[in-house]
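Q:
Residue numbers (this note's numbering): 56 to 207.
In structure tokens, the structure reads:
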């Protein structure tokens, strides 16, 4: 009896999927489920070496240059060839934060912390892609400025 109930449930699910074949799914960009979607174009990466203003406290800085073919793996970290404290004098690149030399207990290390080794976990390059959704973010400095103006 139980196997019959399971078989009916599977059949019902299958029929539901077949009935939806012609329907649209908003996550796919309104392309029918059985058709391939045209991929988004690849946008150009900013490569102007200008630091962006951070939008909120503790935001990781964005990467202001291309990082195509940068090796960042267990064997090498190409970012550190410019951003390590030994190299910033020669390269004029900003040194990574001292927090990258701390372990999870707040102790300072002589080398880059393993927790902070893979830069792209937090730092990302920017592209010239159009916004996918409206951005209504207001920086905290702007909120404070507006509050001061309304109080005066």
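Note that beta-carbon positions come from the ideal geometry of N, C-alpha and C, so glycine has one too.
Bear in mind the structure is a predicted one, so any value in this text is a computation, not a measurement.
Pull the bridge partners of residue 94 from the DSSP assignment, please.
A: Indexing the chain shown from 1 puts residue 94 at position 39. Beta-bridge pairing links residue 94 to no other residue.
Q: Hey, quick one: how far does the alpha helix (DSSP H) through residue 140 stretch, first residue to last?
A: Along the chain shown, read from residue 1 onward, the residue named residue 140 stands at position 85. Run containing residue 140: none; DSSP gives neither H nor E here.
Q: According to DSSP, which residues form a beta bridge with residue 192?
A: Position 137 of the chain shown, counted from the start, is the residue given in the question as residue 192. According to DSSP, residue 192 bridges with nothing at all.
Q: By the 10 Å Cβ neighbour count, where 16 or more other Cβ atoms means buried, how is residue 74 classified, buried or exposed?
A: Taking the chain shown and counting its residues from 1, one reaches residue 74 at position 19. Residue confidence is low: residue 74 scores 45 on pLDDT, short of 50, so the model does not pin down where it sits. Its coordinate-derived value is still stated next. Result: exposed.
Q: Comparing alpha-carbon positions, which option in 127, 157, 141 lies nearest residue 10?
A: Summary: the structure shown does not reach residue 10, with the chain confined to residues 56 through 207, and so no result is reported for it.
Q: Taking buried to mean at least 16 other C-beta atoms within 10 Å of its own C-beta, is residue 134 buried or exposed?
A: Locating residue 134 in the chain shown gives position 79, where the first residue counts as 1. Classification of residue 134: buried, given that the 10 Å Cβ count is 16 or more.
Q: Rank 181, 107, 171, 129 by C-alpha distance to the C-alpha of residue 100 and give the top, closest one.
A: For the purposes of this step, residue 100 is taken as residue 45 along the chain shown, with counting starting at 1. Of the candidates 181, 107, 171, 129, the one whose C-alpha sits nearest the C-alpha of residue 100 is 181.
Q: Can you check the segment 124 to 181 for any alpha helix (DSSP H) of at least 4 residues that lies completely inside it and give the ranges in chain order?
A: You should have 135 to 138, 143 to 146.
Q: Between 93, 98, 57, 169, which lies nearest to residue 183 when the distance is taken from Cα to Cα?
A: Residue 183 sits at position 128 when you count from the first residue of the chain shown. If we check each option's Cα against that of residue 183, 98 comes out closest.
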